Structure formats: C-alpha cells, structure tokens
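Residues in the sequence shown are numbered from 320 upward in steps of one, following this note's numbering. Before any comments, here is the structure.
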Amino acid sequence: QVQLVESGGGLVQPGGSLRLSCAASGFAFSRFGMRWYRQAPGKEREFVAHIASGGYTTYADSVKGRFTISRDNAKNTLYLQMNTLKPEDTARYYCNAQPSFASWGRGTQVTVSS
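This is how it looks when you write it as structure tokens:
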C-alpha cells in the first residue's frame, strides 16, 4: 500500500526558510521520479518541483532559484528546501510520484506571513 507522509511545514516570516520532508513507502521509491505540488486556498493544485530517479531536477518558474528538491533513496525520503519564502508561497504542500499515485498524503501547511 502506497503511503506518502509530508512534514516540516509551519509559519515563517517572509524571507525565511523551511525544509519539507516526504516519507514514502509501499513502492520502489528509488525507481520513481518524485514531485512536490502545492495548493493554495481557492486554487488548483500546482506543480512545484520534480526530481528524476537519476537525480535530474526541474522547477516551476515561480520557485526557481529559491527551492531545492532532493532525495535520499536509502531513507525513501524526498525533501524540499525552501529559501527566501514569499507570502505567495503559502499553500499546502504535497508529494507524489511521477506518474502520480491515486493516493495522496495529507500534505503539510506552509504559511508565510509577518
């Protein structure tokens, strides 16, 4: 059974940093590309960052240069280092494989506010 458990969110001031984690289980993590998504209130879920099984990364233009996606295959864990956070980064953040599993985690809330 696929399980994705996001953590690490919180309240942070503009310009601050957070590191999100996604603990994955129930599938061969190292063989899958993995993605971070986010969903703000009243908006659709949007792509944030992707890391291929081989480590190649791509980012949404809105986070490029500020966010870094990484993975630890030994720990079946995906990370998102978020720096220079802006109020518009406020959203619930989710991880999933690429292609996505039907089952999503509960996400972790990131709120950027002074």
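Using N, Cα and C, we set each Cβ at its ideal position, and we do this for glycine too. Note that this is a predicted model, so its numbers are computed, not measured.
Quick test of your reading: residue i and residue j, contact by CB under 8 Å. State the CB separation rounded to the nearest angstrom.
i, j, result
"A371", "G352", "5 Å"
"I388", "T376", "5 Å"
Determine the DSSP secondary structure at residue i, reduced to helix, strand or coil.
i, result
"D408", "helix"
"R350", "helix"
"V331", "strand"
"E363", "coil"
"F386", "strand"
"Y413", "strand"
"A371", "coil"
"T430", "strand"
"W423", "coil"
Could you pull out every residue in the same chain whose Cβ sits closer than 8 Å to the Cβ of residue i, ignoring the five residues on either side in sequence?
i, result
"N392", "F348, S349"
"R338", "G327, Y398, L399, Q400, M401"
Taking the beta strand (DSSP E) that residue i belongs to, which residues open and close that run?
i, result
"Q322", "322-326"
"S340", "337-344"
"T377", "376-378"
CA-CA distance, residue i and residue j?
i, j, result
"T440", "A359", "Not covered by the structure: residue 440. The range shown for the chain is 320 to 433."
"L330", "N402", "13 Å"
"D380", "W355", "14 Å"
"A421", "A368", "19 Å"
"S432", "Y378", "23 Å"
"T409", "Q332", "11 Å"
"G364", "A416", "Residue 364 is actually Arg in this sequence, not Gly. The straight-line gap from Cα to Cα measures roughly 15 Å."
"L323", "G334", "28 Å"
"W423", "C414", "8 Å"
"K394", "C341", "10 Å"
"P406", "F366", "17 Å"
Could you name the residues of the same chain whose beta carbon sits closer than 6 Å to that of residue i, not counting the 5 residues immediately before and after it, in chain order?
i, result
"R411", "Q358, G426, Q428"
Tell me whether residue i, by its Cβ, gets closer than 7 Å to a heavy atom of the ligand HEM.
i, result
"G328", "The ligand HEM is not part of the structure shown, which contains no ligands of any sort."
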